[in-house]
């Protein structure tokens with residue numbers, strides 16, 4: 134009962150938050166290279182097979198939003214239009230945790246690392262920031278690092294008073310489930326969420342969209358750098374509502390965009406590719422309008438709080454561990470750090486984050502989370518709204534949970550859906566999964582975060598019996614992930 138009261142909207146008038154939003158370009162050179170070196174696009178196949186040949190439309194952006202309660206509670210979220218980005222790299226301090234530390238240092242402590250959430254949007258037409266598909270030049274990673282930090286600081290600096298409102302709508306027609314025939318994987322996170330800041334005259338000046346469609350509207354035939362449907366949706370949101378907009382991708386595991394063809398069959402090449410992302414983005418924004426029409430204010434006292442956590446799990450995937458140590462000869466020079474706490478022999482360290490904005494809960498996961506993970510949070514933690522940031526803090530591939538969800542991804546790693554033909558890596562969900570326990574461990578860390586934010590300590594975590602197996606994570610305090 135107490136937990137419900139803590140997250141219940143107050144009947145008092147809505148208090149102002151401070152909100153800012155900023156955008157920076159992270160495009161490679163016009164021919165798709167950067168500083169004379171190839172930029173490989175990530176997501177399809179494996180190895181260095183798809184160098185960018187240009188930039189699609191206006192190309193890639195990093196966007197950041199800053200939300201503060203005006204009393205020391207802050208949260209900054211950034212979305213990088215990249216296939217993925219690790220928490221730390223083995224060749225240079227350019228990982229997501231390094232970015233968070235840089236923001237803290239350059240803000241003079243106004244933002245702590247635990248108050249900064251950075252995700253990659255996982256576009257399969259964006260540069261490969263992790264090295265699995267050929268990677269990108271070190272100079273390009275430095276560019277993305279600098280522009281991301283700059284966008285976050287600019288958003289924080291530009292923050293101004295505004296009322297927040299939050300609305301949702303179900304959008305099942307925009308999504309497909311790779312395992313929709315499997316009862317253990319029937320769950321889909323088809324809720325489209327919009328958090329919006331309004332100025333003194335009630336006009337929106339910042340819009341945050343949260344939706345769980347894989348950024349795979351474009352296929353491997355596209356060779357130009359693109360943020361996929363997110364690239365199209367953000368400017369469309371700005372035209373629809375005014376101000377600036379940002380999209381935060383959610384639970385991407387086995388969840389794909391539906392019906393992403395170009396309606397104009399006469400187009401081909403880049404024109405057809407632009408048509409595809411703009412058509413899908415238009416349909417996303419149409420649903421966002423419905424969500425805003427249903428939006429209600431965040432009433433009562435402004436409140437922002439954020440925590441981050443280090444979790445460590447035994448890696449059990451020889452493919453991922455092997456590429457991390459020795460993938461270069463195969464065109465997959467994986468850049469993830471080989472040092473503690475991120476890798477110690479076969480123990481993999483990663484990051485989760487939890488944040489509260491009024492009576493909303495944000496859970497940030499370090500990979501492509503299966504929808505069941507978000508469902509556990511929604512079922513166990515009382516909140517008016519639950520938002521999810523996918524591939525945030527790290528890129529560990531698929532986060533599969535619960536354990537009962539594993540059989541079909543394992544089977545589809547070797548056979549077609551019908552099962553009458555051998556088809557190696559027919560589906561990649563299991564092959565790009567660090568360990569059988571990583572998904573459940575992430576769930577338990579997020580439940581811990583929710584309890585810490587709501588002053589209930591382990592109440593929510595204790596409700597999930599499986600969390601008893603991950604007691605080692607409780608020995609590391611919040612913020613341990615970003616300590617030097």
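In our numbering, the protein residues as written are 134 to 617. The beta-carbon is built from N, C-alpha and C at its ideal position, and this holds for glycine as well.
Proximity of residue i and residue j at Cβ, strictly below 8 Å
i, j, result
"residue 202", "residue 150", "yes"
"residue 196", "residue 209", "no"
"residue 513", "residue 519", "no"
"residue 528", "residue 266", "no"
"residue 496", "residue 579", "yes"
"residue 227", "residue 167", "no"
"residue 281", "residue 483", "no"
"residue 406", "residue 351", "yes"
"residue 521", "residue 268", "no"
"residue 262", "residue 253", "yes"
"residue 567", "residue 446", "yes"
"residue 366", "residue 335", "no"
"residue 384", "residue 506", "yes"
"residue 431", "residue 361", "no"
"residue 536", "residue 515", "no"
"residue 291", "residue 155", "yes"
"residue 382", "residue 200", "no"
"residue 387", "residue 539", "no"
"residue 353", "residue 545", "no"
"residue 476", "residue 501", "no"
"residue 307", "residue 420", "yes"
Straight-line gap, residue i to residue j (C-alpha atoms, nearest Å)
i, j, result
"residue 321", "residue 172", "34 Å"
"residue 573", "residue 416", "33 Å"
"residue 144", "residue 602", "With a pLDDT of only 49 at residue 144, under the threshold of 50, the placement of this residue in the model should not be trusted, and no figure is reported."
"residue 575", "residue 205", "27 Å"
"residue 418", "residue 345", "14 Å"
"residue 138", "residue 439", "With a pLDDT of 36 at residue 138, under the threshold of 50, the modelled position of that residue is not reliable, and the figure given next carries that caveat. Spanning the two alpha carbons is a distance of roughly 20 Å."
"residue 349", "residue 312", "17 Å"
"residue 187", "residue 164", "4 Å"
"residue 597", "residue 581", "11 Å"
"residue 152", "residue 341", "11 Å"
"residue 473", "residue 377", "39 Å"
"residue 142", "residue 489", "The pLDDT assigned to residue 142 is 47, lower than 50, so where the model puts this residue is not dependable; a value taken from the coordinates is nonetheless given after this. One C-alpha to the other measures close to 13 Å."
"residue 422", "residue 158", "26 Å"
"residue 604", "residue 409", "47 Å"
"residue 256", "residue 244", "28 Å"
"residue 560", "residue 478", "28 Å"
"residue 224", "residue 355", "29 Å"
"residue 615", "residue 240", "16 Å"
"residue 331", "residue 370", "15 Å"
"residue 222", "residue 276", "15 Å"
"residue 194", "residue 338", "19 Å"
"residue 607", "residue 613", "11 Å"
"residue 586", "residue 611", "11 Å"
"residue 448", "residue 563", "13 Å"
"residue 466", "residue 600", "34 Å"
"residue 135", "residue 494", "Residue placement at residue 135 is poorly supported in this model, since its pLDDT is 39, which falls under 50; the coordinates still yield a value, given next. Going by the C-alpha atoms only, they are around 16 Å apart."
"residue 534", "residue 333", "44 Å"
"residue 296", "residue 583", "24 Å"
"residue 577", "residue 309", "27 Å"
Cβ separation of residue i and residue j, assumed to be a contact under 8 Å, to the nearest whole Å
i, j, result
"residue 185", "residue 357", "6 Å"
"residue 148", "residue 429", "15 Å between Cβ atoms; not a contact."
"residue 259", "residue 181", "Between residue 181 and residue 259 the Cβ distance is about 15 Å, and since that is not below 8 Å, they are no contact."
"residue 443", "residue 498", "Wrong, their Cβ atoms sit about 14 Å apart, outside the cutoff."
"residue 398", "residue 302", "Residue 398 to residue 302, Cβ: 30 Å. No contact."
"residue 526", "residue 486", "6 Å"
"residue 424", "residue 326", "7 Å"
"residue 379", "residue 198", "5 Å"
"residue 323", "residue 305", "4 Å"
Any non-hydrogen atom of the ligand ZN closer than 7 Å to residue i Cβ
i, result
"residue 218", "Summarising the ligand content, the structure contains no ligands, and the ligand ZN is consequently not present."
message = Quick check: the region 306-317 against the region 232-239, are at least 3 beta-carbon pairs closer than 8 Å?
response = They do not touch, by the three-pair rule.
request  = Would you be able to state if there are at least three C-beta pairs under 8 Å between the region 384-394 and the region 277-286?
outcome  = Touching, no.
query = What beta strand (DSSP E) runs, 3 residues minimum, are completely inside the region 368-435?
reply = Fully enclosed beta strand (DSSP E) runs of 3 or longer: 377-382 and 388-390.
inquiry  = Which complete alpha helix (DSSP H) runs does the region 264-314 hold, if anything under 4 residues is left out?
reply    = As far as the region 264-314 is concerned, its whole alpha helix (DSSP H) runs of at least 4 residues are 271-290.
message = List, from N- to C-terminal side, the alpha helix (DSSP H) runs of 4 residues or more that fit wholly inside the region 548-614.
response = As for any alpha helix (DSSP H) of minimum length 4 sitting wholly inside the region 548-614, the runs are 571-586 and 592-595, ordered along the chain.
request  = Would you list, in sequence order, the uninterrupted beta strand (DSSP E) runs of no fewer than 3 residues that lie entirely inside the region 156-212?
outcome  = You should have 194-201.
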